[in-house]
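Convert by adding 3 to the 1-based position in the sequence shown; the result is the number in my numbering. Report on the following structure.
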Amino acid sequence: MSRFPSIDVQRLRWFAAVAEELHFARAAKALHISRQKLSHAVIDLETELGTKLFVPGAQPTRLTDAGQELLREARDIIARAENDTGTTAVAAPASLRVGFVPGVTVTKWERIWGRRFPDTPLELVAVAQADQEPALREGRVDMCFVRLPIDRSDMNAIPLYRELPVVVVPKDHEIALFDEVGMADLADERLQDTADIDAVAAAIELVAAGVGVAIVPHSIARLHHRRDLVYRTVTDTDDTEIALAWPSARTTDLVEEFIGIVRGRSENSSRSSAGKRTEPEPRKRRSPGKRPQPTRKPIPSKKKPARGRKR
Numbered sequence: 004m005s006r007f008p009s010i011d012v013q014r015l016r017w018f019a020a021v022a023e024e025l026h027f028a029r030a031a032k033a034l035h036i037s038r039q040k041l042s043h044a045v046i047d048l049e050t051e052l053g054t055k056l057f058v059p060g061a062q063p064t065r066l067t068d069a070g071q072e073l074l075r076e077a078r079d080i081i082a083r084a085e086n087d088t089g090t091t092a093v094a095a096p097a098s099l100r101v102g103f104v105p106g107v108t109v110t111k112w113e114r115i116w117g118r119r120f121p122d123t124p125l126e127l128v129a130v131a132q133a134d135q136e137p138a139l140r141e142g143r144v145d146m147c148f149v150r151l152p153i154d155r156s157d158m159n160a161i162p163l164y165r166e167l168p169v170v171v172v173p174k175d176h177e178i179a180l181f182d183e184v185g186m187a188d189l190a191d192e193r194l195q196d197t198a199d200i201d202a203v204a205a206a207i208e209l210v211a212a213g214v215g216v217a218i219v220p221h222s223i224a225r226l227h228h229r230r231d232l233v234y235r236t237v238t239d240t241d242d243t244e245i246a247l248a249w250p251s252a253r254t255t256d257l258v259e260e261f262i263g264i265v266r267g268r269s270e271n272s273s274r275s276s277a278g279k280r281t282e283p284e285p286r287k288r289r290s291p292g293k294r295p296q297p298t299r300k301p302i303p304s305k306k307k308p309a310r311g312r313k314r
């Protein structure tokens with residue numbers, strides 16, 4: 004009979020994954036959980052059993068005698084549990100669904116995710132701007148690149164970048180002679196309604212037909228680029244802001260991983276479950292009297308209003 008008390012099968016699977024890999028980060032990646040969560044689970048297990056399962060401070064990771072005994076028993080218990088269900092338990096790969104509104108390009112982050120988590124599918128979902136909040140709150144996507152503002156109640160949002168507004172005009176329009184213009188330069192123009200970004204395509208068609216001009220975010224102008232149209236920066240109207248948003252109550256390990264990628268966190272970061280270290284490096288002591296300098300770059304401010312300038 005086992006000298007270990009009864010332990011639930013999930014925790015035994017987690018322990019066995021570390022014991023067989025002898026590497027916390029690789030085991031966490033295979034289990035689709037964070038390294039920190041896995042480490043805490045092992046520490047809790049050691050506390051419950053009153054013995055060390057891994058040799059403290061050993062590099063590479065090494066099992067103690069008690070750990071080797073538990074691994075043997077864990078394999079038997081896991082095998083019996085799988086036989087009791089009549090089939091070998093094969094967990095479906097976890098996935099992350101990320102939405103994005105028109106104008107947002109996500110290919111860079113998709114590429115990094117695929118390289119870092121090849122066994123975890125990333126599903127990208129095109130979302131109309133009018134549907135960005137419902138898609139999040141109804142759980143159709145786990146996260147979404149949104150165009151602010153949104154209702155922040157029960158929602159987390161990380162501002163990423165601002166977009167300058169541009170005016171879209173026919174190629175032979177006099178505005179095409181300038182690099183940038185102010186609203187005063189457009190006073191005599193008929194402005195198409197682009198408050199609904201999802202209806203911009205229709206507004207662009209009207210501009211191409213010679214019916215007025217349209218002011219849209221820069222990325223939207225690029226998205227609807229046509230050879231018969233040009234766009235010029237508008238210096239004195241509101242810009243727009245792109246953010247990564249997700250429901251506060253659904254901050255999962257995969258959500259945290261994607262946030263890390265978007266923020267530029269390296270794969271070896273101690274804050275990432277894909278990191279190579281099992282313990283964070285000690286902080287360097289600062290010299291007395293010196294205050295830390297901020298590292299986050301502020302969002303660029305808008306240009307001051309300026310009249311049209313010829314090219």
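Even for Gly, the Cβ is constructed at its ideal location relative to N, Cα and C. Bear in mind that the values here come from a model prediction, so they are computed numbers and not experimental data.
Along the chain, where does the beta strand (DSSP E) containing residue i start, and where does it finish?
i, result
"residue 168", "168 to 173"
"residue 223", "Element bounds for residue 223: not the beta strand (DSSP E) but the alpha helix (DSSP H), 221 to 226."
"residue 137", "Element bounds for residue 137: not the beta strand (DSSP E) but the alpha helix (DSSP H), 135 to 140."
DSSP has residue i in a bridge; who is on the other side?
i, result
"residue 236", "169 and 183"
"residue 150", "245"
"residue 125", "99"
"residue 57", "66"
"residue 160", "248"
"residue 218", "170"
"residue 34", "According to DSSP, which records beta bridges pairwise, residue 34 is partnered with nothing at all."
"residue 194", "216"
Who are the near neighbours of residue i in its chain, counting only those whose CB is closer than 8 Å to its CB and skipping five residues on each side?
i, result
"residue 216", "170, 171, 172, 176, 178, 189, 192, 193, 194, 195 and 210"
"residue 56", "18, 22, 45, 48, 49, 66, 67, 69, 70 and 73"
"residue 126", "98, 99, 100 and 101"
Counting only the same chain and skipping the five closest in sequence on each side, list residues whose C-beta sits under 6 Å from that of residue i.
i, result
"residue 58", "65 and 67"
"residue 103", "109 and 148"
Figure out for me which residue from the options has the closest Cα to the Cα of residue i.
i, options, result
"residue 105", "99, 133, 117 and 79", "133"
"residue 164", "267, 244 and 122", "244"
"residue 137", "120, 155, 122 and 121", "155"
"residue 100", "77, 130 and 28", "130"
"residue 12", "41, 25 and 77", "77"
"residue 28", "34, 162 and 38", "38"
"residue 187", "180, 269, 240 and 115", "240"
"residue 150", "230, 157, 143 and 135", "135"
"residue 152", "167, 246 and 270", "246"
"residue 234", "183, 161, 143 and 248", "183"
"residue 36", "84, 220 and 120", "120"
"residue 62", "30, 25 and 122", "25"
"residue 237", "213, 144, 168 and 225", "168"
"residue 223", "79, 166, 159 and 85", "166"
"residue 226", "214, 201 and 75", "201"
"residue 253", "118, 174, 51 and 141", "141"
Looking at the ligand ADP, does it come within less than 7 Å of residue i, judged from the CB to the closest heavy atom?
i, result
"residue 180", "The model on display carries no ligand, and the ligand ADP is accordingly not part of it."
Which same chain residues end up closer than 7 Å to residue i when comparing Cβ atoms and leaving out the 5 residues on each side of it in sequence?
i, result
"residue 94", "Bear in mind that a pLDDT of 45 at residue 94, under 50, signals an unreliable position, so the model cannot answer this."
"residue 16", "81"
"residue 112", "264 and 265"
"residue 14", "44 and 48"
"residue 197", "203, 206, 217, 218 and 219"
"residue 90", "Confidence is the limiting factor: at residue 90 the pLDDT is only 47, short of 50, which leaves the residue's position unreliable and the question unanswerable from this model."
In the DSSP assignment, find the alpha helix (DSSP H) that holds residue i and state where it starts and stops.
i, result
"residue 263", "256 to 265"
"residue 108", "First-last for residue 108: undefined, no H or E at that position."
"residue 15", "12 to 24"
"residue 178", "No alpha helix (DSSP H) holds residue 178; DSSP gives it neither H nor E."
"residue 205", "203 to 211"
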